[in-house]
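Asker:
There are 2 protein chains.
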Amino acid sequence: MSLLVVGSVAFDAIETPFGKTDKIIGGAASYISLTASYFTKKSKLVAVVGEDFPNEFIQKLQDKGVDTEGLQIKKGEKSFFWSGKYHTDMNTRDTLVTELNVLGTFDPIIPDSYQDCEYLMLGNLSPAVQQTVLNRLQKRPKLVVMDTMNFWMEVALDELKQTLKMVDVLSINDEEARQLSGEYSLVKAAEKIQAMGPKYLIIKKGENGALLFYQKEVFFAPALPLEDVFDPTGAGDTFAGGFIGYLAKTNDISFENMKNAIIYGSAMASFCVEKFGTERLNDLTDEDLNQRVNRFKNLIKFNLAAL
Amino acid sequence: MSLLVVGSVAFDAIETPFGKTDKIIGGAASYISLTASYFTKKSKLVAVVGEDFPNEFIQKLQDKGVDTEGLQIKKGEKSFFWSGKYHTDMNTRDTLVTELNVLGTFDPIIPDSYQDCEYLMLGNLSPAVQQTVLNRLQKRPKLVVMDTMNFWMEVALDELKQTLKMVDVLSINDEEARQLSGEYSLVKAAEKIQAMGPKYLIIKKGENGALLFYQKEVFFAPALPLEDVFDPTGAGDTFAGGFIGYLAKTNDISFENMKNAIIYGSAMASFCVEKFGTERLNDLTDEDLNQRVNRFKNLIKFNLAAL
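Those protein sequences? They're chains R and V, same order as listed. Numbering-wise, this note's numbering comes out as the position in the first sequence, counting from 1, plus 528. Numbering-wise, this note's numbering comes out as the position in the second sequence, counting from 1, plus 528.
1) Name the residue from V/734, V/643, V/679 whose alpha carbon lies nearest to the alpha carbon of residue 793 of chain V.
2) Residues of chain R with CB under 7 Å from residue 755 of chain V, in chain order?
3) Note down the Cα distance separating residue 557 of chain R from residue 690 of chain R, rounded to an integer number of angstroms.
4) Which residues in the same chain have their Cβ closer than 7 Å to the Cβ of residue 629 of chain R, if we skip the five residues on either side of it in sequence?
5) If I'm right that residue 568 of chain R touches residue 744 of chain R with Cβ under 8 Å, what's the distance once you round it to whole angstroms?
6) Distance, Cα to Cα, residue 700 of chain R vs residue 684 of chain R?
7) For the alpha helix (DSSP H) that residue 816 of chain V lies in, which residues bound it at each end?
8) Can you give the Cα-Cα distance for residue 659 of chain R and residue 638 of chain R, rounded to whole angstroms?
9) Would you mind giving the Cβ-Cβ distance between residue 611 of chain V and residue 631 of chain V, rounded to the nearest angstrom? I have them listed as a contact below 8 Å.
10) Please list the partners that residue 767 of chain V has in chain R, where partner means a Cβ-to-Cβ separation under 9 Å.
11) Strictly below 7 Å CB to CB, what residues from chain V border residue 678 of chain R?
12) Since residue 827 of chain V meets chain R, which of its residues come closer than 7 Å, beta carbon to beta carbon?
13) Using a C-beta to C-beta distance shorter than 8 Å, which residues of chain V count as neighbours of residue 736 of chain R?
14) Cα-Cα, which of V/563, V/799, V/595, V/816 is closest to residue 808 of chain V?
15) Between the beta-carbon of residue 786 of chain R and the beta-carbon of residue 817 of chain R, is there less than 9 Å?
16) Cutting at 8 Å between CB atoms, please list the residues of its own chain near residue 803 of chain R, excluding the five before and the five after it.
17) So residue 569 of chain V contacts chain R; which residues on that side make the cut at Cβ distance below 8 Å?
18) In whole angstroms, give me the CA-to-CA distance for residue 597 of chain V and residue 531 of chain V.
19) In whole angstroms, what separates the C-alpha of residue 589 of chain V from that of residue 770 of chain V?
20) Taking three-plus beta-carbon pairs below 8 Å as touching, is the stretch 541 to 556 of chain V in contact with the stretch 614 to 623 of chain V?
21) Compare the Cα-Cα distances from residue 620 of chain V to each of V/739, V/774, V/537, V/761 and report the closest residue.
22) Comparing alpha-carbon positions, which option in V/603, V/634, V/646 lies nearest residue 576 of chain V?
23) Looking at the unbroken alpha helix (DSSP H) that takes in residue 764 of chain V, where does it start and where does it end?
24) Could you spell out the range, first to last residue, of the alpha helix (DSSP H) harbouring residue 703 of chain V?
25) Tell me whether residue 633 of chain V, by its Cβ, gets closer than 8 Å to a heavy atom of the ligand FMN.
26) Who are the neighbours of residue 772 of chain V on chain R, taking C-beta pairs under 9 Å?
27) Which word fits residue 755 of chain R, buried or exposed, when buried means at least 16 other C-beta atoms lie within 10 angstroms of its C-beta?
28) Less than 9 Å between CB atoms is the rule here; does residue 563 of chain R satisfy it with respect to chain V?
29) Could you name each continuous beta strand (DSSP E) segment of 3 residues or more that falls completely within the stretch 540 to 595 of chain V, going from the start of the chain to the end?
30) Output needed in chain order: residues of the stretch 671 to 703 of chain R with a Cβ under 7 Å from some Cβ in chain V.
31) Which bits of chain V does residue 616 of chain R rub up against, with CB to CB less than 9 Å?
32) For residue 668 of chain R and residue 646 of chain R, I'd like the C-alpha separation in whole angstroms.
33) Name the chain V residues whose beta carbon is nearer than 7 Å to that of residue 791 of chain R?
34) For residue 788 of chain V, return the contacting residues in chain R, with the cut-off set at a CB-CB distance below 9 Å.
35) So, at 7 Å on beta carbons, what are the nonlocal neighbours of residue 729 of chain R in its own chain, with the 5 sequence-adjacent residues on each side left out?
36) In whole angstroms, what separates the C-alpha of residue 592 of chain V from that of residue 725 of chain V?
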């Protein structure tokens, strides 16, 4: 089934305890599109970059089956740029530079050929822009998944709450869930956030895995214990790309199948953090994916009879 | 199979965001013995209390099949007392009072009738006392499990390292694993700690579950997402009690069966935190345990075919 991905395509410069990069490819939609390409060849991208953005990466997306008709290239302007430095624990980071550039005035134009998309992934962007995308689609997609960040809870809470009413699945991290709900307990937080609109809530906990809430049910997927987390940038977006990519491929949006999608999202995220930026997402094979998913299965497998 | 439990039996006074207790029953061996009693009626306790310790609790242990011949009651002396206050996140706490009292001169005397024990749980105590217990057993138990704390890494690292060489399973939390190994990555930490002696390493991550390392393999058990963690005191000891109690009951120390033991330990710990102190561990039924274990199974169950 066809998948529409909306989000940032940008430059990042990253420093971790393991090293430092110059400007490399970043942005939520870059990670999501690359990752989803392992599951579906029918994905379409809406994003904006400046004239400084390398054509090689756009070509790479096209080679992987991503339709880039909706990628706007602004002449004479610069791409969004973020730079950050991770602390030793890799769970916290300092933002060093944020240059909005083309993203500051992003108008998400949907090409006519995108109108039939059945799966929509709204990567982290201002809630107003996310809402505009939904309003411009003539037919509501079968499933709308949205990511957001604490920043929007601080500067655009009302718009965020309006947008939340329009989506099926919200994907945020544990701190964001606590901030959005005002509840410390993630179980209570999930209940409050589900009442805001999304029927499904994914709470990402980084190296501590991810929870999927639906009605009164909950599913948990661990993260794979890794020797080293080299660079966590984009892990959440990669997770989202694997999640919605798997759903679009299988075209089954039951809670049971979403559990499988969470496992694939976790598997893809476990690749992402092994190298800087999007590097590890370039050349994975089906065999790599299956092996990684099997490691997840083995990690939590036990065979217990009743007492 | 018979189980010997050595550790503190004491008083705690606890403050959490949900309330505050006067002096209540605490101590690692109290939690371990109570919990293990749900799995084996052949457990034996070595500990020390003062004259101030209530006979009702000793009676309760006996009623649950715990042999208290090795519980020393020191006339004219006072029991170990700890008081602490938890922060909102429940993962950090301030110690308000520590009165060693009888624990300061604890000499772990092993009654002759305990010499045949096949499973040994060394609750958190000074590594020197833990070592004395091992030296006083004429026959090495089939399995020795040891708990310890960061405090001993700071004040008695050499003795701790000596004791580590004598045990089969070490159970510590993530921060302690990092401190003991000097490695941030838990996978690397586990490798270093296994080289110190214990063939098996359990790393407890509180609300984020627990890992069991053996050779190059790893098993992960989640913690149950709970509406409220009322009081985390004793959760790690309860986990240990469920772990070794299940192993003693089933008398199977394979890695596969240890996975099951980890699940039972996690299930018992999820009860523990629902009320203050040992309260929730008093009157559980087999039905309660089975239901809880089923919640763990459902939490992580997925049914995934290869891509």
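Even for Gly, the Cβ is constructed at its ideal location relative to N, Cα and C. In this text the structure is predicted, and so the values were computed from the model without any measurement.
Answerer: In short:
1) Answer by Cα proximity: V/734.
2) By Cβ distance, chain R contributes 713, 715, 716.
3) In this structure, the straight-line span from the alpha carbon of residue 557 of chain R to that of residue 690 of chain R is close to 22 Å.
4) Only 578, 605, 606, 607, 608, 609 meet the Cβ criterion.
5) The pair is not a contact, with the Cβ atoms about 31 Å apart (cut-off 8 Å).
6) Between residue 700 of chain R and residue 684 of chain R, the C-alpha separation is close to 16 Å.
7) Where residue 816 of chain V is concerned, the enclosing alpha helix (DSSP H) stretches over 814 to 828.
8) Distance between the alpha carbons of residue 659 of chain R and residue 638 of chain R is about 13 Å.
9) Actually they are not in contact, since the Cβ atoms of residue 611 of chain V and residue 631 of chain V sit about 15 Å apart, beyond 8 Å.
10) Within 9 Å Cβ-Cβ: nothing; residue 767 of chain V doesn't reach chain R, min ~15 Å.
11) Those within 7 Å of residue 678 of chain R in chain V number zero; the least Cβ separation is about 17 Å.
12) Chain-order list of chain R residues neighbouring residue 827 of chain V: 746, 747, 748, by C-beta distance under 7 Å.
13) Within 8 Å Cβ-Cβ: 733, 736, 737.
14) Ranking V/563, V/799, V/595, V/816 by Cα distance to residue 808 of chain V puts V/799 first.
15) Contact: no.
16) Excluding five sequence positions before and after residue 803 of chain R, the CB atoms of its chain that fall closer than 8 Å to its own CB belong to 758, 759, given in chain order.
17) Simply none; closest approach about 14 Å.
18) C-alpha of residue 597 of chain V to C-alpha of residue 531 of chain V: approximately 14 Å in a straight line.
19) Residue 589 of chain V and residue 770 of chain V: Cα-Cα distance of roughly 16 Å.
20) They touch, by the three-pair rule.
21) Measuring C-alpha to C-alpha distances from residue 620 of chain V to each of V/739, V/774, V/537, V/761 identifies V/761 as the nearest.
22) Of the listed residues, the one whose Cα sits closest to residue 576 of chain V is V/634.
23) 763 to 778 is the span of the alpha helix (DSSP H), which, as asked, contains residue 764 of chain V.
24) Counting along the chain, residue 703 of chain V sits inside the alpha helix (DSSP H) bounded by residues 702 to 709.
25) Inclusion of the ligand FMN in the displayed structure is not the case, the ligand content being empty and no account of it being possible.
26) In chain order: nothing, as chain R lies at least about 15 Å away.
27) It counts as exposed.
28) Interface flag for residue 563 of chain R against chain V is unset, since no Cβ pair is found closer than 9 Å.
29) Runs of the beta strand (DSSP E) spanning 3 or more residues and lying entirely within the stretch 540 to 595 of chain V occur at 552 to 554, 571 to 578, in chain order.
30) When CB distances to chain V are screened at a threshold of 7 Å, not a single residue of the stretch 671 to 703 of chain R falls below it.
31) Close to residue 616 of chain R, with beta-carbon spacing below 9 Å, are these residues of chain V in chain order: 712.
32) Distance between the alpha carbons of residue 668 of chain R and residue 646 of chain R: 8 Å.
33) For residue 791 of chain R, the residues of chain V that pass the 7 Å Cβ criterion are 830, 832, in the order they occur in the chain.
34) By Cβ distance, chain R contributes 830, 831, 832, 833.
35) Excluding positions up to five away in sequence, the list reads 698, 718, 721, 722, 741.
36) Each residue's Cα considered, the two are about 34 Å apart.
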